[in-house]
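> Below is a structure I'd like to ask you about.
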Amino acid sequence: MTGTIIPLRLKRDEASALASFDTLATELLAEGRAPNLSVARFDAILKKLRGQRAKLASVLADLEARAPSCDAQIETVNVDLRNGAREGLTHIDLFIREAMSCRLKSEPASINEAGPWPFAVGDQDR
């Protein structure tokens, strides 16, 4: 398997995990690639999720490309790893769909669309 060891984050470094999302979000906002900070944060989360999904898909492809082993224990481990990777991809896909849904809700409504208020601009019932 081609991969790297990912060190666990220390308790004292927890704030830095969130800060990395905010750093990317503020860059997206400053570059005009997001209409507001909430959308920029969701875009940062989506970028991270998609990157993790691509890495996990690569790991799964590597696991599936392996030649069968003559060792039953190794085969059992490989099957468990493939199943875990598939399950991980399923979870990441769910997170991506949820993040995309939340992102859409965070986008500002068009001036002609009805928003959370009881009337929209140009509504005849006002």
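Everything in the sequence shown is counted per our numbering, starting at 1085 for the first residue and increasing by one. Backbone N, C-alpha and C fix where the C-beta goes; we use that ideal spot for every residue, glycine too.
1. If you run the structure through DSSP and keep just helix, strand and coil, what is N1150?
2. What three-state label does DSSP hand A1193 in the structure shown?
3. What does the alpha-carbon distance come out to for the pair S1190 and A1128?
4. Give me the Cβ distance between R1150 and L1173, rounded to the nearest whole Å; I'm assuming they're in contact under 8 Å.
5. Please state the DSSP three-state secondary structure of G1116.
6. Rounding to the nearest angstrom, what Cα-Cα distance links G1199 and E1171 in this structure?
7. Quick check: what's the CA-CA separation for L1133 versus E1115?
8. Report yes if the CB atom of R1187 is closer than 8 Å to the CB atom of V1123, and no otherwise.
9. Measure the C-alpha to C-alpha separation of A1141 and I1180 and round it to an integer number of angstroms.
10. In or out: G1206 buried (at least 16 other Cβ within 10 Å) or exposed?
11. Using alpha carbons as the reference points, say which of V1163, D1177, G1168 and A1193 lies closest to G1135.
12. Residues in the same chain with beta-carbon distance under 8 Å from P1152, minus the five sequence neighbours each way, listed in chain order, please.
Taking the geometry as given:
1. What you label residue 1150 is simply residue 66 of the sequence shown in a count that begins at 1. It is Arg, not Asn, that sits at residue 1150 in the sequence shown. If DSSP states are grouped into helix, strand and coil, R1150 belongs with coil.
2. Here the question's residue 1193 lines up with position 109 in the sequence shown. Three-state result, A1193: coil.
3. The residue given as residue 1190 occupies position 106 in the sequence shown. The residue given as residue 1128 occupies position 44 in the sequence shown. Going by the C-alpha atoms only, they are around 14 Å apart.
4. Reading the sequence shown from its first residue, position 66 is the one you call residue 1150. Reading the sequence shown from its first residue, position 89 is the one you call residue 1173. No, R1150 and L1173 are not in contact; Cβ-Cβ is about 18 Å, not under 8 Å.
5. The sequence position of residue 1116 within the sequence shown is 32, counting from 1. Residue state, collapsed to three classes: coil.
6. Against the sequence shown, residue 1199 aligns to sequence position 115. Against the sequence shown, residue 1171 aligns to sequence position 87. Its pLDDT being 47, under 50, G1199 is placed unreliably in this model, and the value from its coordinates should be taken loosely. Near 37 Å, if we compare the C-alpha coordinates of E1171 and G1199.
7. Translated into positions along the sequence shown, residue 1133 becomes position 49. Translated into positions along the sequence shown, residue 1115 becomes position 31. The straight-line gap from Cα to Cα measures roughly 21 Å.
8. Taking the first residue of the sequence shown as position 1, residue 1187 is located at position 103. Taking the first residue of the sequence shown as position 1, residue 1123 is located at position 39. Yes.
9. Position 57 of the sequence shown, counted from the first residue, corresponds to residue 1141. Position 96 of the sequence shown, counted from the first residue, corresponds to residue 1180. The straight-line gap from Cα to Cα measures roughly 15 Å.
10. Numbered from 1 along the sequence shown, position 122 holds the residue referred to as residue 1206. Below a pLDDT of 50, predicted positions are generally treated as unreliable, and G1206, at 46, falls in that range; the measurement from the model is reported next regardless. Exposed, because fewer than 16 other Cβ atoms sit within 10 Å of the Cβ of G1206.
11. Start at 1 with the first residue of the sequence shown, and residue 1135 comes out as number 51. Comparing Cα positions, the closest option is D1177.
12. Residue mapping note: residue 1152 aligns to position 68 of the sequence shown, counting from 1. Taken in chain order, the residues that qualify are E1159.
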